[in-house]
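Heads up: the sequence shown at position 2 corresponds to 2 in the numbering used here, and the numbers run straight through without jumps. Ideal Cβ placement from N, Cα and C applies to all residues, glycine included. Because the structure is a prediction, the values reported are computed rather than measured.
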Amino acid sequence: MSIVAIETALEERLQTLPTPPPIAWEDVAFEPTTGQGYLRVHHLHNHPRDLFIEGGPAELPGILQVDVVWPAGQGKVEAKQMAEQVAALFAPVQNLDAGNHRIELAQTPAIAGGMPDEGWYTVPVSINWRAMPA
1 MSIVAIETAL EERLQTLPTP PPIAWEDVAF EPTTGQGYLR VHHLHNHPRD
51 LFIEGGPAEL PGILQVDVVW PAGQGKVEAK QMAEQVAALF APVQNLDAGN
101 HRIELAQTPA IAGGMPDEGW YTVPVSINWR AMPA
């Protein structure tokens, strides 16, 4: 199992947005620019599912959470449009290579309602994935 390889493959896919705003990666210093939107990334891993009773390989499910964080007071349109671009990038059905695993994107990403957050308007995009041994 290589969680690092899985996370890296998902992050590399996100970076293929045609014109990505700045991205706040996990555990990397980031200072948002006033008046400029950005993406905030979180990896949410779920419980592995053993494929065999005796052990062996496991299915690794998770969610790539991409928050579209936009300046508050500018209206929701630009934030929602960016959320749609992120969701489209991970639209099903896709497979990504991640070392000795294959990441399956088999569900349409969920775009949640926007939420105000201290001068920002945040629209969460949840991308469900599962990694299987290659």
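- request: Keeping to the same chain, check which residues put their C-beta closer than 6 Å to that of residue 120; ignore five residues upstream and five downstream.
  value: For the purposes of this step, residue 120 is identified with residue 120 of the sequence shown, where counting begins at 1. Hits under 6 Å: 69 and 72.
message: Going by beta-carbon coordinates alone, are residue 123 and residue 83 separated by less than 9 Å?
response: One-based indexing of the sequence shown puts residue 123 at position 123. One-based indexing of the sequence shown puts residue 83 at position 83. In contact: residue 123 and residue 83 (Cβ atoms closer than 9 Å).
- prompt: Which runs of the beta strand (DSSP E), 3 residues or longer, sit entirely within the stretch 17-85?
  reply: Considered as a whole, the stretch 17-85 harbours 38-45 and 58-71 as its complete beta strand (DSSP E) runs of no fewer than 3 residues, in chain order.
- prompt: For the stretch 58-65 against the stretch 29-46, are there 3 or more C-beta pairs whose distance is under 8 Å?
  reply: The stretch 58-65 makes contact with the stretch 29-46; the number of CB pairs closer than 8 Å reaches 3 or more.
task: Label residue 40 either buried or exposed according to how many other C-beta atoms from any shown protein chain fall within 10 Å of its C-beta, with 16 as the threshold for buried.
output: On the sequence shown, residue 40 is found 40 positions in, with the first residue counted as 1. Residue 40 is buried by the Cβ-count criterion.
- prompt: Is residue 8 helix, strand or coil when you go by DSSP?
  reply: As a working mapping, residue 8 is identified with position 8 in the sequence shown. Three-state result, residue 8: helix.
message: Need the endpoints of the beta strand (DSSP E) that residue 104 sits in, please.
response: Translated into positions along the sequence shown, residue 104 becomes position 104. Start and end: 101-105.
From 88, 130, 18 and 67, residue whose alpha carbon lies closest to that of residue 98: Taking the sequence shown and counting its residues from 1, the one referred to as residue 98 is at position 98. Among 88, 130, 18 and 67, the Cα nearest to that of residue 98 belongs to 130.
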